[in-house]
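Residue numbers (the numbering used here), protein chains in the order written: chain A, 43 to 173; chain B, 43 to 173. For every residue, glycine included, the Cβ atom is placed at its ideal position computed from N, Cα and C. Note that the coordinates shown come from a computational prediction; the quantities given were computed from them, not determined experimentally. These notes concern the structure reproduced below.
There are 2 protein chains.
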Amino acid sequence: MFQLALNYGNGPMLLKEIAEKEDLSVRYLEHLVPPLKTARLVYATRGARGGYSLAKAPIDITLKDIIRVLEGHLYPSECVESPEVCNRSRFCITRDIWTKLEETISTTLAGFTLQDLVDKYYNKTHYEELQ
Amino acid sequence: MFQLALNYGNGPMLLKEIAEKEDLSVRYLEHLVPPLKTARLVYATRGARGGYSLAKAPIDITLKDIIRVLEGHLYPSECVESPEVCNRSRFCITRDIWTKLEETISTTLAGFTLQDLVDKYYNKTHYEELQ
DNA sequence: TAAATTCCTACCAGTTTAGTAGGAATACTA
DNA sequence: TAGTATTCCTACTAAACTGGTAGGAATTTA
């Protein structure tokens, strides 16, 4: 997603390119794409001269968006989202902690956008001051 | 650890008791104890009339202490602590995010002590106001 | 000496993670 | 219209991790 952000506005980018720049296999990247498409974060163009582009401007995609899609959740324990997985949920003290922890993780990740990463890459802003 | 905190000051507590109260097996709890002992968070008394007690007052044990011991780490990616696992670490933009994320997780968990959980259990304090 | 309990080491089964593989579908280009 | 480039889909796999179980030795009290 960072590579797509760097390429934003320049038409579709090949997985092959991304794979080279990030030192990953195309086969692996192919695996990550479907959920990103479903979530409408990237847009695919098939066939020759095809490739991928961000579906929104980098400033409109937070790291929370991306990680929720690729990792599925942000909570440290499933009970945060699905109390029914444990019959202690109603009165569990620890669960409150996990809930608070998810909130801070969520807030932190929502505080960064792909544009922040691009800016940092080009040293356009003083990243440290962003947070 | 929460049960031991509730029991703090009343001598050693049996794993059997904890197992009943938390709906876990003794066999499983036995598994968790060694690292807690090594980290000097709990103290064990062997033999009949033995059991476990906290090695410090509940107010002096943070959730960060406990989770570091039981889960081994708090970072979302190993590269945060061991840059050498990936040769992109030196210039990886994403790694900075993982580092920041670990900081907020760490800070959040360090902000709770076992005493907070005990207090919440007895409704002695208004928990919401703690954070 | 018997009972209670921690302690140590080994094992196991299910899930998750990080991939690889084959080939079909699609679209551009000559 | 044929060839090539590329995404797309489904299945497979191997290693690591997680959440346990199991047997029995060591220790302490009564």
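So, for residue i: in the same chain, excluding its five sequence neighbours on each side, which residues have a beta-carbon less than 8 Å away from its beta-carbon?
i	result
B:S131	C121, P125, R137
B:P77	V111, L112
B:T155	P100, I101, D102, I103, T104, L105
B:W140	Y117, P118, S119, C121, V122
B:S67	A61
B:L151	T104, L105, K106, I109, L116
Would you verify that the beta carbon of residue i is, or is not, closer than 9 Å to some beta carbon of chain B?
i	result
A:I147	yes
A:T155	no
A:T136	yes
A:Y163	yes
A:L151	yes
A:E64	yes
A:L159	yes
A:S101	A small fix is needed here, since residue 101 of chain A is Ile in this sequence, not Ser. So no, A:I101 is outside the interface.
Chain A beta carbons: is any one of them nearer than 9 Å to that of residue i?
i	result
B:K58	no
B:L96	no
B:Y50	no
B:L143	yes
B:R130	yes
What residues in its chain sit with their C-beta under 7 Å from that of residue i, if we drop five residues either side in the sequence?
i	result
A:R46	According to the sequence displayed, residue 46 of chain A carries Leu and not Arg. Cβ within range, chain order: M55, V84, Y94, S95, L96.
B:V160	A47, L48, P100
A:L71	L57, I60, A61
A:L74	L112
A:I147	L116
A:V127	E120, C121
Exposed or buried, which one is residue i when buried takes at least 16 other CB atoms within 10 Å?
i	result
A:F133	exposed
A:N52	exposed
B:N49	buried
B:T80	exposed
B:D107	buried
A:T87	exposed
A:T149	exposed
B:D65	exposed
A:D158	buried
Going by the DSSP bridge assignment, what does residue i pair with across the sheet?
i	result
B:A86	B:Y94
B:T104	B:T155
A:M55	A:Y94
Can you list, in chain order, the residues of its chain whose CB lies under 6 Å from that of residue i, leaving out five sequence neighbours each side?
i	result
B:Y169	Residue placement at B:Y169 is poorly supported in this model, since its pLDDT is 47, which falls under 50; the coordinates still yield a value, given next. The answer, listed in chain order, is K162.
B:L143	P118
Short-range partners of chain B found in the region 68-87 of chain A, where Cβ spacing is below 8 Å = none
Between the region 103-124 of chain A and chain B, which residues of the former have CB atoms less than 8 Å from a CB of the latter, in chain order? L105
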